[in-house]
Ligand code: SF4
Ligand code: SF4
């Protein structure tokens with residue numbers, strides 16, 4: 002899932018200060034699961050904003066709403082009227098959801114209420130960890146399903162770097178050495194031979210380095226050319 | 005006129021609520037500023053409940069759960085403790101005095117303790133003064149569309 006974290010309320014307060022009627026819009030999918038932008042967080046952030054504005058004796062109407070997904074038109078259609086009735090939207094979706102909202106409502110200012118952090122998992126209750134950097138050319142198969150790009154702090158395809166100590170990365174003692182994980186995993190599944198040969202350079206042209214990415218599937222398209 | 009705070013007490017059914025009951029039968033004295041809301045466990049306390057209470061104009065919030073280790077649902081009170089911590093941080097962030105909110109732990113046999121808690125919080129809130137949002141209280145729920 003996409004993992005995000007809420008922004009500071011004082012920052013949001015100043016960012017939105019020029020708008021009188023603000024819709025705080027949650028997203029019911031990834032950011033609900035990572036407890037950053039679901040219905041409950043909409044309630045919390047809205048309350049916090051209302052209180053913060055009132056403490057400054059400022060009048061703002063803060064409305065609360067959550068839709069299933071902000072990155073799909075189908076769900077955005079349900080809230081056309083709500084959006085038309087406000088001066089701005091504070092979106093608690095990931096960066097994709099925020100931009101989808103802005104594209105769907107070209108005349109309404111839309112702001113991001115969260116910092117979108119990474120593609121990751123709930124490692125344990127209360128801890129989320131990054132697992133994939135969406136590099137566009139997945140090499141997990143060669144590394145025992147441990148991503149060298151994300152999990153090695155230096156994204157080495159031919160690691161380790163030599164700085165690891167007791168299985169921890171030299172970048173931070175809180176971080177596991179990605180290459181230790183790769184080695185342990187390949188050993189466990191009897192595939193250590195996979196890292197005997199040096200790996201070729203990664204194809205970064207498939208990543209964001211090659212510009213904003215797009216997938217076109219003619220078989221799925223409805224518009225007839 | 006003297007300021008009489010309105011304090012919301014979110015009380016667990018198995019301890020604080022019973023303790024409040026006992027305080028009554030014991031004829032223990034405590035200020036009438038508290039409004040008790042019974043919950044099945046303090047684990048039911050959502051951060052949103054507390055925020056909405058302040059938004060609605062209460063001057064202080066007490067969250068009262070079982071003694072640590074004594075929760076009827078094992079760890080509801082420990083979760084409540086973390087949530088209270090989270091809301092206190094948030095209050096700090098937005099500039100509302102965090103001491104308006106506090107969690108207490110007691111058992112159902114501690115009637116006098118319940119009375120003491122109410123005394124402590126009432127004194128504290130009197131010193132802090134009214135919730136700065138109070139005058140706006142009536143308008144609060146209008147803004148919520150769901
Ligand atoms: S808007 Fe973002 S958070 Fe919401 S479902 Fe889509 S990808 Fe997930
Ligand atoms: S190799 Fe690329 S696509 Fe595969 S998990 Fe790592 S970052 Fe994600």
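Protein chains in written order, with the numbering used here: chain A, 2 to 226; chain B, 5 to 150. A virtual CB, placed ideally from N, CA and C, is assigned to each residue, including glycine.
Selection from the options that minimises the alpha carbon distance to residue i
i             : options                    : result
residue 81/B  : 47/B, 41/B, 94/B, 23/B     : 47/B
residue 95/B  : 15/A, 53/A, 128/A          : 53/A
residue 29/B  : 119/B, 138/B, 125/B, 72/B  : 119/B
residue 155/A : 175/A, 135/A, 180/A        : 180/A
residue 88/A  : 18/A, 11/A, 73/A           : 18/A
residue 173/A : 183/A, 153/A, 192/A        : 153/A
residue 97/B  : 199/A, 7/A, 194/A, 82/A    : 7/A
residue 106/B : 24/B, 36/B, 21/B, 90/B     : 90/B
residue 119/A : 221/A, 129/A, 206/A, 201/A : 129/A
residue 158/A : 131/A, 168/A, 196/A        : 196/A
residue 4/A   : 131/A, 219/A, 148/A, 15/A  : 131/A
residue 134/A : 105/A, 60/A, 210/A, 100/A  : 210/A
residue 208/A : 140/A, 108/A, 28/A         : 140/A
residue 79/B  : 123/B, 49/B, 12/B, 137/B   : 49/B
residue 83/B  : 117/B, 56/B, 51/B          : 51/B
residue 77/B  : 11/B, 32/B, 17/B, 113/B    : 17/B
residue 99/B  : 58/A, 168/A, 218/A         : 58/A
residue 2/A   : 122/A, 136/A, 103/A        : 122/A
residue 191/A : 199/A, 144/A, 200/A        : 144/A
residue 160/A : 60/A, 78/A, 200/A          : 200/A
residue 104/A : 74/A, 126/A, 86/A          : 74/A
Beta carbon of residue i nearer than 8 Å to that of residue j
i             : j             : result
residue 9/B   : residue 102/B : no
residue 42/B  : residue 70/B  : no
residue 178/A : residue 189/A : no
residue 44/A  : residue 72/A  : no
residue 117/A : residue 96/A  : yes
residue 67/B  : residue 88/B  : yes
residue 80/A  : residue 66/A  : yes
residue 13/A  : residue 90/A  : no
residue 137/B : residue 64/B  : no
residue 1/B   : residue 34/B  : Nothing can be reported for residue 1/B: it is not among the residues displayed for chain B, which extend from 5 to 150.
residue 57/B  : residue 26/B  : no
residue 116/B : residue 24/B  : no
residue 42/A  : residue 36/A  : yes
Contacting residues, own chain, Cβ-Cβ under 6 Å from residue i (five flanking each side not counted)
i             : result
residue 142/B : With a pLDDT of only 45 at residue 142/B, under 50, the local geometry of the prediction cannot be trusted, and the value read off the model is given with reservation. Closer than 6 Å at the Cβ level, and outside the excluded window around residue 142/B, lies no residue.
residue 86/B  : none
residue 111/B : 19, 71
residue 170/A : 154, 176, 178
residue 204/A : 138
residue 148/B : Because the pLDDT at residue 148/B is just 48, under 50, the model does not fix this residue reliably, and the value given afterwards should be weighed accordingly. Closer than 6 Å at Cβ, skipping near neighbours: no residue.
residue 33/A  : 39
residue 108/B : 68, 121
residue 6/B   : none
residue 74/B  : none
Close beta carbons around residue i, own chain, < 8 Å, minus the five adjacent residues each side
i             : result
residue 146/A : 186
residue 46/A  : 7, 10, 13, 25, 91, 93, 114
residue 92/B  : 102, 105
residue 150/B : Here the model assigns residue 150/B a pLDDT of 41, short of 50, so the residue's position is not dependable and the matter cannot be decided.
residue 29/A  : 39, 40, 67, 68, 69, 70
Exposure of residue i, with buried meaning 16 or more beta-carbon neighbours within 10 Å
i             : result
residue 113/A : buried
residue 213/A : exposed
residue 45/B  : buried
residue 206/A : exposed
residue 15/A  : exposed
residue 149/A : buried
residue 145/B : Reliability fails at residue 145/B, whose pLDDT of 49 lies under 50, so the model's placement of it is uncertain and the value that follows must be treated cautiously. Burial call: exposed.
residue 215/A : exposed
residue 21/A  : exposed
residue 224/A : exposed
residue 125/B : buried
residue 111/A : buried
residue 101/A : buried
beta-carbon residue i near ligand 3 non-hydrogen atom, thresh 7 Å
i             : result
residue 177/A : Among the ligands present in this structure, namely ligand 1 and ligand 2, ligand 3 is not found.
Same chain, Cβ closer than 7 Å to residue i, neighbours up to 5 away in sequence not counted
i            : result
residue 84/A : 24, 90, 106, 109
>> As a quick check of your reading: which residues have a C-beta less than 6 Å from at least one non-hydrogen atom of ligand 2, in chain order?
In response: Any residue whose Cβ sits closer than 6 Å to a heavy atom of ligand 2 makes the list: 133/A, 134/A, 135/A, 136/A, 139/A, 140/A, 141/A, 148/A, 150/A, 151/A.
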